[in-house]
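Chains as they are written, first to last, in my numbering: chain W, 1205 to 1592; chain X, 3 to 233. Please read the structure below before turning to the comments.
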């Protein structure tokens, strides 16, 4: 063990002459541990919710979507289908047809609402439609009743051009989620083709992958094959605003809760500064024995690192343990009839824990720099002369 | 060869009040192998002189050469290394580090020099045996008597086999018996290790037993006449 480490660790563990210094050292370690634990639990809570949103994204969104760079129709649908089909890990591949329409109840009693229709990933039946709860409420319809979708596209009739209309049976009313566009209606491919007027071809192709996390590399591969005439988007990019909001939310929570660690760092500064003052004579003695100023500085940097390691280690144990327990034993229940979840979810991501630990350690080390420099600048002769 | 050559030293302390000039224009030559005493009233700068000679304080003017090496021409790192290898300090108050055992205190100069822990402790143990404190090696500094603490401090100062020992009133805080004991130990080790020793003391009896005696006053430092030259 190096001389500096030996001295720093002894300073850390031996009882101090003044009790308040020992108390401040303990507060430094505990403060850092609490800060680290708070940050881990906060991010675990956020990750718990965000993982569920992410899973919903992966479940509901297409994992890859290829659309034309210009226009609304794919120039060569067969080529796009071929490029997607050639990928390994593609479990589902379908043309995507969507557009805007007006929805009203089957009898036309309620005022029409603007909706966005698309052919659903899950089958709805040829004349079926899956609508969201809010839309069902607006139209006053329930499962099994009919709705009428009127497209902005027209067709010629003996009395002139009239809007294309489809009368559909509500096959499912589902709960609305954060991922839904307002007034989204899932219809069959046949209905979507009727409403959009695309008898053949597609506006886009969508694929689902066995492992959605490989979407980015798959997108690069497809883009390489198809070239710049097509836009290839992953499920993360398709939900870009929400994805951005999730990232922003995590960053803001990290920065806010990290203030606790900064407060703990101020404690460390005061603790080490007090130790420097208390051990002024020792510094003079070490200098007389041949210790260089850099060596004295290292003693206090090591002390800061030791406090950082202890506090961070304890904080990681506490935070991870608490988060796992909260998730494992579902300690924060939610009323299932109000929320979609039965309990508040917590998810510990090792990468985030590592980032928090690194941040806490670096902060503790940075907190030691100022007092350590002061130790190195101390006049040793004076320290000895004044400590009689 | 001169062990210490100090030329035109000046030192002023600037604290909260007006600056205090301790001395200026002070010069001192000391031959190698001499056991010298420095006497003088309090406040004339005896301790400051030792600190300047040992390089733990810097003069405002003047130069210090120790065994031909100018301390002023060295960087802080070089001066520290030079001090570790060539200079030992003993203070009036033993200044042992209370968190550490006697052996650990004595092993510090070795550890600062980069000697591995086990070897440093072995050498420290041997030195403690030599000064008759082998059985006290694992005791903390506070568990030792005043005389023992000062002897451990002497062992710490001698750990690296310095050629120059600077002792600042090493017996000033001890009773007569312990003081005589410590002084005798210093004399013995001085002879045994062929060192150059400068001891600051207020005790004329002890000073009279040194090879050379310097007297410090506000006017400077001068060799005292009438003391027998001892070899």
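Where is the CB? At the ideal position from N, CA and C, for every residue including glycine.
Flag residue i as yes if its beta-carbon sits less than 8 Å from any beta-carbon of chain B, otherwise no.
| i | result |
| --- | --- |
| residue 37/X | In the structure shown, chain B cannot be found, because the protein chains are W and X. |
Below 9 Å on C-beta distance, what does residue i contact in chain X?
| i | result |
| --- | --- |
| residue 1215/W | 101 |
Thinking just about the alpha-carbon of each residue, which of the options is nearest to the one in residue i?
| i | options | result |
| --- | --- | --- |
| residue 1303/W | 1276/W, 1313/W, 1290/W and 1295/W | 1276/W |
| residue 1414/W | 1266/W, 1564/W and 1251/W | 1266/W |
| residue 81/X | 1567/W, 1355/W, 1495/W and 1518/W | 1495/W |
| residue 66/X | 194/X, 144/X and 5/X | 5/X |
| residue 1557/W | 1214/W, 1411/W and 1516/W | 1516/W |
| residue 150/X | 122/X, 125/X, 162/X and 182/X | 182/X |
| residue 1541/W | 1379/W, 1472/W and 1252/W | 1379/W |
| residue 1337/W | 1400/W, 1470/W, 1441/W and 1388/W | 1388/W |
| residue 1439/W | 1205/W, 1263/W and 1240/W | 1263/W |
| residue 1579/W | 1539/W, 1254/W, 1478/W and 1544/W | 1478/W |
| residue 161/X | 131/X, 186/X, 51/X and 145/X | 131/X |
| residue 1435/W | 1416/W, 1418/W and 1410/W | 1410/W |
| residue 1300/W | 1407/W, 1509/W, 1272/W and 1462/W | 1407/W |
In whole angstroms, what is the alpha-carbon distance linking residue i and residue j?
| i | j | result |
| --- | --- | --- |
| residue 136/X | residue 164/X | 21 Å |
| residue 1614/W | residue 1587/W | Within the shown structure, residues of chain W are numbered from 1205 to 1592, placing residue 1614/W beyond reach of any answer. |
| residue 175/X | residue 64/X | 32 Å |
| residue 10/X | residue 1216/W | 44 Å |
| residue 16/X | residue 223/X | 23 Å |
| residue 1431/W | residue 1549/W | 42 Å |
| residue 1428/W | residue 1420/W | 12 Å |
| residue 38/X | residue 53/X | 16 Å |
| residue 1466/W | residue 1567/W | 7 Å |
| residue 85/X | residue 171/X | 20 Å |
| residue 1574/W | residue 1474/W | 10 Å |
| residue 1376/W | residue 1426/W | 34 Å |
| residue 1309/W | residue 1344/W | 7 Å |
| residue 143/X | residue 1460/W | 48 Å |
| residue 1356/W | residue 1519/W | 60 Å |
| residue 1319/W | residue 1347/W | 18 Å |
| residue 1209/W | residue 1546/W | 50 Å |
| residue 232/X | residue 218/X | Note that residue 232/X has pLDDT 44, beneath the 50 cutoff, so the model's placement of it is unreliable and the number below is only indicative. Distance between the alpha carbons of residue 232/X and residue 218/X is about 21 Å. |
| residue 1268/W | residue 1327/W | 19 Å |
| residue 3/X | residue 1570/W | 49 Å |
| residue 1531/W | residue 1551/W | 7 Å |
| residue 225/X | residue 208/X | 16 Å |
| residue 1572/W | residue 1583/W | 19 Å |
| residue 1433/W | residue 1280/W | 10 Å |
| residue 1284/W | residue 1321/W | 23 Å |
| residue 1212/W | residue 69/X | 34 Å |
| residue 1312/W | residue 1422/W | 46 Å |
| residue 1229/W | residue 139/X | 29 Å |
| residue 1374/W | residue 1315/W | 18 Å |
| residue 1250/W | residue 1449/W | 12 Å |
| residue 133/X | residue 125/X | 13 Å |
| residue 111/X | residue 158/X | 7 Å |
Give the interface partners of residue i over in chain X, defined as CB-CB distance under 8 Å, in chain order.
| i | result |
| --- | --- |
| residue 1205/W | 119 |
| residue 1227/W | Near residue 1227/W there are no residues of chain X at all, since even the closest Cβ is about 18 Å away, more than 8 Å. |
Which residues does DSSP pair with residue i in a beta bridge?
| i | result |
| --- | --- |
| residue 1389/W | 1321/W and 1335/W |
| residue 15/X | 22/X |
| residue 62/X | The partner list for residue 62/X (beta bridge, DSSP) is empty, contrary to what the question assumes. |
| residue 1378/W | 1336/W |
| residue 7/X | 31/X and 67/X |
| residue 1268/W | 1411/W and 1438/W |
| residue 1560/W | According to DSSP, residue 1560/W bridges with nothing at all. |
| residue 1302/W | 1322/W |
| residue 1373/W | 1332/W and 1350/W |
| residue 1577/W | None; residue 1577/W has no bridge partner. |
| residue 170/X | 202/X |
| residue 1365/W | 1360/W |
| residue 1209/W | In the DSSP output, where bridge partners are listed per residue, residue 1209/W has none listed. |
| residue 207/X | For residue 207/X, which the question treats as bridged, DSSP gives no partner whatsoever. |
Anything in chain W within Cβ reach of residue i, meaning under 8 Å, just list it in chain order.
| i | result |
| --- | --- |
| residue 42/X | Here the premise fails: no neighbours, minimum Cβ distance about 16 Å. |
| residue 133/X | Correct list: empty, because the minimum Cβ distance to chain W is about 17 Å. |
Below 7 Å on C-beta distance, what does residue i contact in chain X?
| i | result |
| --- | --- |
| residue 1255/W | Correct list: empty, because the minimum Cβ distance to chain X is about 49 Å. |
| residue 1581/W | Those within 7 Å of residue 1581/W in chain X number zero; the least Cβ separation is about 11 Å. |
Compute the minimum distance between the beta carbon of residue i and the heavy atoms of the ligand MN, and state whether it is under 7 Å.
| i | result |
| --- | --- |
| residue 112/X | Of ligands this structure carries none, so the ligand MN is not represented either. |
At 7 Å on the CB atoms, spell out the chain W contacts of residue i, in chain order.
| i | result |
| --- | --- |
| residue 53/X | 1585 |
| residue 86/X | 1493 and 1494 |
| residue 93/X | 1588 |
Would you mind telling me which residues of chain W sit closer than 9 Å to residue i, beta carbon to beta carbon, in chain order?
| i | result |
| --- | --- |
| residue 56/X | 1492 and 1585 |
Complete runs of the beta strand (DSSP E) confined to the region 24-91 of chain X [at least 3 residues]: 37-41 and 63-68
Scan the region 1453-1523 of chain W and note each continuous alpha helix (DSSP H) run of 4 residues or more that stays entirely inside, going in chain order. 1484-1492
In chain order, which continuous runs of the alpha helix (DSSP H) of length 4 or greater are located wholly inside the region 102-158 of chain X? Taking only runs of at least 4 residues, the alpha helix (DSSP H) segments lying wholly in the region 102-158 of chain X are 104-114 and 119-132.
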